[in-house]
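Q: This structure is in structure tokens; I'll ask about it shortly.
Protein chains: 2
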Amino acid sequence: MRKLKYHVAMSLDGFIAREDDSVDDFPANLSPEHVTDYLYSLASEYDTVLMGRGTYEFGLNVGVTDPYPSFETYVFSRSLQESPDPRVHLVREDVVGFVRELKTRPGKQTDMSRVIRAAQMGLPKDIYLAGGGLLATTLLDAGLIDEVIIKVNPVLFGSGKALVPRLARKADLELLSTKVYRNGVVLLQYAVKR
Amino acid sequence: MRKLKYHVAMSLDGFIAREDDSVDDFPANLSPEHVTDYLYSLASEYDTVLMGRGTYEFGLNVGVTDPYPSFETYVFSRSLQESPDPRVHLVREDVVGFVRELKTRPGKQTDMSRVIRAAQMGLPKDIYLAGGGLLATTLLDAGLIDEVIIKVNPVLFGSGKALVPRLARKADLELLSTKVYRNGVVLLQYAVKR
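Protein chains in written order, with our numbering: chain Y, 290 to 483; chain V, 290 to 483.
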């Protein structure tokens, strides 16, 4: 089964955005070193992206109706009536059932075979959960998130949108990898323990 | 001037304790590798410890009136009437003024000279801010915290006592060092930018 990975930038004190959903205060977003890594990771790891309404509307407010044009895109909302873009699928109910089924669908094959002949069989691409926190909480409580990948930015917000607000119970993690960027961002990759 | 360092364990999502101030869910607290490092750091870096009432009372509730017997100890509270221990100093008002003055006092010398002759002059020991978040917020907003040292534990709480609740404005940090422990704890050391 494909993995669902919650992959977001965060302030050191656990916020993935300011109260208004802006993320301008994350230096990670401005560093070429970081952006290169992030785009490579997106292109090689995922073929599908999930996001909550707040995360989607942050792009929509600046005119972006299809933020990830190379991915199958699903926006979860009870209040939106229809999708503003034919490529963007709106899921209005049964979030958990929908994502559980989505994980069983075969992912696209990675194109690593262009680089490494031994990898010609490819690996199924995974599902990228881009935010927000409420959607992540629902999916984590339902046992559907496999990895949590956090870009810890060197900043304290003190308030904002939490990583996983109102989680029903604590979730134990296993540290898989770390990477330190020159701009002070620390990438932490965890598996969610079952 | 001596440094004030906010040095705490935290869940990945930014909580330094559960709602009841307990910290039992931090695996860091159970790992010999980690405890050794932590005790060495305490002994070599600090001679003074500051804490809020909630943090102090968590120990008090299990009968510990003097949690750091080798340090000068200050507890900040408006509601406590007197200190339960003659070694523990209660500060009831003007937190900011008190800490500002405390930082100007000379710290004890480190005893590194026993190990390295060139360090015979020693270095002044710093001030350890052990929690909680409200005291840290007050002191950070007043520009008095020099470093933030976080032991990121591989766990998501979803709620609890925040690292710096209700900060007046965001605080930019500079990453100074990182260390990864075998138990999945990641130590992140930052300087607070002025």
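Backbone N, C-alpha and C fix where the C-beta goes; we use that ideal spot for every residue, glycine too.
(1) Is it true that the CB of V/LEU433 sits closer than 7 Å to the CB of V/VAL384?
(2) Got a sec: is the Cβ-Cβ distance from Y/VAL453 to anything in chain V below 7 Å?
(3) Spell out whether any CB of chain Y is found under 7 Å from the CB atom of V/PRO413.
(4) Ignore the nearest five residues each way along the sequence and tell me which others in V/LYS294's own chain have a CB closer than 8 Å to its CB.
(5) For V/ALA451, does the three-state DSSP call read helix, strand or coil?
(6) For a cutoff of 7 Å on Cβ pairs, would you count Y/MET410 as touching chain V?
(7) Quick one: does Y/SER402 have its CB under 7 Å from some CB of chain V?
(8) Quick test of the definition: if touching needs 3 or more C-beta pairs under 8 Å, does the stretch 310 to 329 of chain V touch the stretch 467 to 480 of chain Y?
(9) Following the continuous alpha helix (DSSP H) through V/PHE347, name the residue where it begins and the one where it ends.
(10) I want to verify the contact list: residues of chain C whose CB lies under 7 Å from the CB of V/ALA298, in sequence order.
(11) Beta-carbon within less than 7 Å of Y/ARG406's beta-carbon, same chain only, minus the 5 sequence neighbours each way: which residues are those?
(12) Please list the partners that V/ILE439 has in chain Y, where partner means a Cβ-to-Cβ separation under 8 Å.
(13) Suppose only complete runs of 3+ residues qualify. What are the beta strand (DSSP E) ranges in the stretch 349 to 392 of chain Y, listed by chain order?
(14) Count Cβ pairs between the stretch 441 to 451 of chain Y and the stretch 361 to 369 of chain Y that sit closer than 8 Å; are there 3 or more?
(15) Considering only their Cβ atoms, is the gap separating Y/VAL453 from Y/GLY422 smaller than 7 Å?
A: Reading off the structure:
(1) Start at 1 with the first residue of the second sequence, and residue 384 of chain V comes out as number 95. Start at 1 with the first residue of the second sequence, and residue 433 of chain V comes out as number 144. Taking 7 Å as the Cβ cut-off, V/VAL384 and V/LEU433 do not qualify as a contacting pair.
(2) The sequence position of residue 453 of chain Y within the first sequence is 164, counting from 1. Chain V, which has a Cβ nearer than 7 Å to the Cβ of Y/VAL453, makes this yes.
(3) Residue 413 of chain V sits at position 124 when you count from the first residue of the second sequence. Closer than 7 Å: no.
(4) Indexing the second sequence from 1 puts residue 294 of chain V at position 5. Result list for V/LYS294: GLU334, TYR335, ASP415, ILE416, TYR417, LEU418, ILE434, ASP435, GLU436, VAL437, ILE438, in chain order.
(5) As a first step, residue 451 of chain V must be located in the second sequence, where it is residue number 162. DSSP places V/ALA451 in strand when its eight states are reduced to three.
(6) To locate residue 410 of chain Y, count along the first sequence from 1; it is residue 121. For Y/MET410, the pLDDT reaches just 49, beneath the cut-off of 50, and the residue's location in the model is therefore unreliable, although a value from the coordinates is still provided. For Y/MET410, the answer is no, since every Cβ of chain V falls outside 7 Å of its Cβ.
(7) Taking the first sequence and counting its residues from 1, one reaches residue 402 of chain Y at position 113. Caution applies to Y/SER402, whose pLDDT of 49 falls short of 50 and renders its modelled position unreliable; the model cannot decide the point.
(8) no
(9) Within the second sequence, numbered from 1, the residue matching residue 347 of chain V stands at position 58. DSSP places V/PHE347 inside the alpha helix (DSSP H), whose first and last residues are 342 to 349.
(10) Included in the structure are the protein chains Y and V, with no chain C among them.
(11) Working through the first sequence from its first residue, we reach residue 406 of chain Y at position 117. At Y/ARG406, the pLDDT of 44 sits below 50, so the modelled position is not reliable; the number obtained from the coordinates is stated separately. There are no such residues.
(12) Position 150 of the second sequence, counting from 1, holds the residue named residue 439 of chain V. Neighbours of V/ILE439 on chain Y, chain order: LEU301.
(13) For secondary structure counted as the beta strand (DSSP E) over 3 or more consecutive residues, the stretch 349 to 392 of chain Y holds these complete runs in sequence order: 361 to 365, 377 to 380.
(14) no
(15) The count along the first sequence starts at 1 and reaches residue 422 of chain Y at position 133. The count along the first sequence starts at 1 and reaches residue 453 of chain Y at position 164. Yes, these two residues count as a Cβ contact at 7 Å.
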